[in-house]
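Some notes on the structure that comes next.
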Amino acid sequence: MSRFAYVNGRYARLSEAYIHIEDRGYQFADGVYEVCIVVDGKLFDFAGHFARYERSLRELRMAQPMGRRALQTVMRELLRRNRLKTALVYIQVTRGVAPRDHAFPVPDTRPALVMTARRFDLHASDAKARKGVRVITHPDIRWGRVDIKTVGLLPNALAKQAAREAGAAEAVLVRDGVVTECSSSNIWIVDGNGVLRTHPRGNQILGGITRETALGCARELQMKIEERAFTIEEARAASEVFITSATSFVMPVVAIDGARIGDGAPGPVAARLREAYKNKASGG
Ligand code: PMP
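So for the sequence shown, the working numbering puts the first residue at 663; every next one is plus one.
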């Protein structure tokens, strides 16, 4: 079956879905994106993802191509055309097409909207979570506004590639000895006192929607939480480490740079949070 994408107002076969070579996303990474998961037709955390998408656009002074309801309609139609019920939906908006010039194009330039969907394997994700994943450390060389979800992901791509070459699932980004987040997820530890810690929101991390929902779950479960940065040494000494993202939910980390975390198996806090997250994000 051919896959369909939504490209600037029409549904096109993926093989025939094109963007202009002077699209500013292509030339300047002048665009934002969102990734949402749909499980059995239920959009996980959509309100959060939409709010962040609006914020990213606002921070870059980019026009919204369509409102929330219209966007959801396109998502549903794309899923229908691709015959998907459990899927990963990718949404990208760029500042549009204009003759190459660093400064913004004329104000009536239409933003470009692209959406794709592909199958998401929930069972594979759950199986992975039962085993946990290995991560490596990598320098955080990104710019000063990583809180905006832009398509300028080259440092993230380089970090993820380094992880892949090391046989690891993720790269933990470290700046001046402090852990910020990972190449495409947020990272948490459970310290020696049983306190959950994750880097506070701000310009140095992307405010993960899964992070936010998982924090809500942790509060409901009466877990002790500190939104406070930690060093890579603290992460190595933690009793549990896990990452969060829309596509991995809550994923236990069992080794950093080949050194085991705790006893090298997924821990109880991550397991409880993963279940609570799935329940909450699906509106349960
Ligand atoms: N940090 C980075 C750098 C990311 O790319 C992502 C995933 N988009 C996240 C954190 C997690 O965000 P979310 O939970 O909204 O998927």
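Don't be surprised by glycine CBs; every beta carbon is placed ideally from N, CA and C.
Between Gln689 and Ile810, what straight-line distance do the alpha-carbon atoms span, to the nearest angstrom? For Gln689 and Ile810, the gap between their C-alpha atoms comes out near 18 Å.
Are there 16 or more other CB atoms within 10 angstroms of the CB of Val931, so buried, or fewer, so exposed? By the neighbour-count criterion, in which a residue is buried when 16 or more other Cβ atoms sit within 10 angstroms of its Cβ, Val931 is buried.
What is the rounded straight-line gap between the Cα of Gly806 and the Cα of Val697? Near 22 Å, if we compare the C-alpha coordinates of Val697 and Gly806.
I need the straight-line Cα distance from Glu902 to Tyr939, nearest angstrom please. Glu902 and Tyr939: Cα-Cα distance of roughly 17 Å.
Below 6 Å, is the gap between the Cβ of Leu868 and the nearest heavy atom of the ligand PMP? Result yes, Cβ under 6 Å from the ligand PMP.
Comparing C-alpha positions only, which one of Thr909, Asn865, Gly920 sits nearest to Val947? Residue 947 lies beyond the stretch modelled for the chain, which goes from 663 to 946, so this question has no answer here.
I need the straight-line Cα distance from Leu741 to Thr778, nearest angstrom please. Approximately 9 Å between the Cα atoms of the pair.
Would you report the Cα separation of Met885 and Asn855, rounded to the nearest angstrom? Put simply, the backbone Cα of Met885 is about 11 Å away from that of Asn855.
Could you round the C-beta distance between Tyr715 and Val694 to whole angstroms and report it? I think they count as a contact, below 8 Å. Between Tyr715 and Val694, the beta carbon gap of about 7 Å places them in contact (Cβ cut-off 8 Å).
Is it the case that the Cβ atoms of Ser944 and Lys704 are separated by a distance below 7 Å? Result yes, Cβ atoms of Ser944 and Lys704 sit closer than 7 Å.
Can you check DSSP and say which residues form a bridge with Ile753? Ile753 is bridged by DSSP to Glu696, Met777.
Any chance the CB of Asn744 is under 6 Å from a heavy atom of the ligand PMP? For the ligand PMP, not one heavy atom lies less than 6 Å from the Cβ of Asn744.
I need the boundaries of the beta strand (DSSP E) containing Leu868, first residue and last residue. Leu868: not part of any beta strand (DSSP E); DSSP gives it neither H nor E.
Taking the Cβ atom as the reference point for each residue, do Ser845 and Asn818 lie within a distance shorter than 7 Å? Between Ser845 and Asn818, the C-beta gap is smaller than 7 Å, which places the two residues in contact.
Residue range of the alpha helix (DSSP H) that includes Ala833: Ala833 -> not in any alpha helix (DSSP H); beta strand (DSSP E) instead, spanning 832 to 837.
Continuous beta strand (DSSP E) stretch holding Ile683: start and end: Neither: Ile683 is in no beta strand (DSSP E) and is coded neither H nor E.
According to DSSP, is Val808 part of a helix, a strand, or is it coil? Three-state result, Val808: coil.
According to DSSP, is Ile887 part of a helix, a strand, or is it coil? Looking at Ile887 - three-state DSSP - the assignment turns out to be strand.
If I follow the unbroken beta strand (DSSP E) through Asn670, where does it start and stop? According to the DSSP assignment, Asn670 belongs to no beta strand (DSSP E), since it is labelled neither H nor E.
Nearest to Pro914 by alpha carbon, out of Ile867, Val852, Glu882? It is Val852.
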